[in-house]
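I have placed the structure first, in the form of structure tokens, so that the comments after it can refer back to it.
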Amino acid sequence: MSESNAVLIGNKPVMNYVLACITLFHGGAKEVSVKARGRSISRAVDIVEVVRRRFLPDVKIKRISIGTQQMAPREEGGSPSNVSTIEISLER
Numbered sequence: 006m007s008e009s010n011a012v013l014i015g016n017k018p019v020m021n022y023v024l025a026c027i028t029l030f031h032g033g034a035k036e037v038s039v040k041a042r043g044r045s046i047s048r049a050v051d052i053v054e055v056v057r058r059r060f061l062p063d064v065k066i067k068r069i070s071i072g073t074q075q076m077a078p079r080e081e082g083g084s085p086s087n088v089s090t091i092e093i094s095l096e097r
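First residue of the sequence shown: 6, per the numbering used here; consecutive thereafter.
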């Protein structure tokens, strides 16, 4: 799967990301990856469920990967922080 089939989740409304996933699938992608970090993880789960249940019922969850990234300190002398990550791969 190429990185162009990845949807990176941020602060935009849920339907913007749902539309991005649907557009990738209609463009011929067999697999789409939804990636999120930190507080966006719950939004990523919501997006995947909306895509699967309301728009493309033939889409299945292929793989869910969770992990942690260590982020650089925000200020000098501070300690690094850990941020949770999730990657949900959908396939048609």
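Every residue, glycine too, gets a C-beta built ideally from N, C-alpha and C.
This structure is a prediction, so every number in the text was calculated from the model and none was measured.
Query                                                                                                                              : Result
Starting from A11, trace the beta strand (DSSP E) in both directions and tell me its first and last residue.                       : 11-13
Assuming contact is defined by CB atoms lying nearer than 7 Å, are R42 and V88 in contact in what I supplied?                      : yes
Tell me whether R58 sits in a helix, a strand or coil according to DSSP, three-state version.                                      : helix
According to DSSP, which residues form a beta bridge with L95?                                                                     : V37, I66
Which term fits G82, buried or exposed, when burial requires 16 or more other beta carbons within 10 angstroms of its beta carbon? : exposed
In angstroms with no decimal places, state the Cα-to-Cα distance between S86 and K35.                                              : 35 Å
Buried or exposed: I52, going by 16 or more other Cβ atoms within 10 Å of its Cβ?                                                  : buried
With distances taken Cα to Cα, identify the nearest neighbour of L5 among Q74, Q75, A77, R59.                                      : An answer regarding residue 5 cannot be provided, because it is not within the stretch 6 to 97 covered by the chain.
Any idea what DSSP makes of R44, helix, strand or coil?                                                                            : helix
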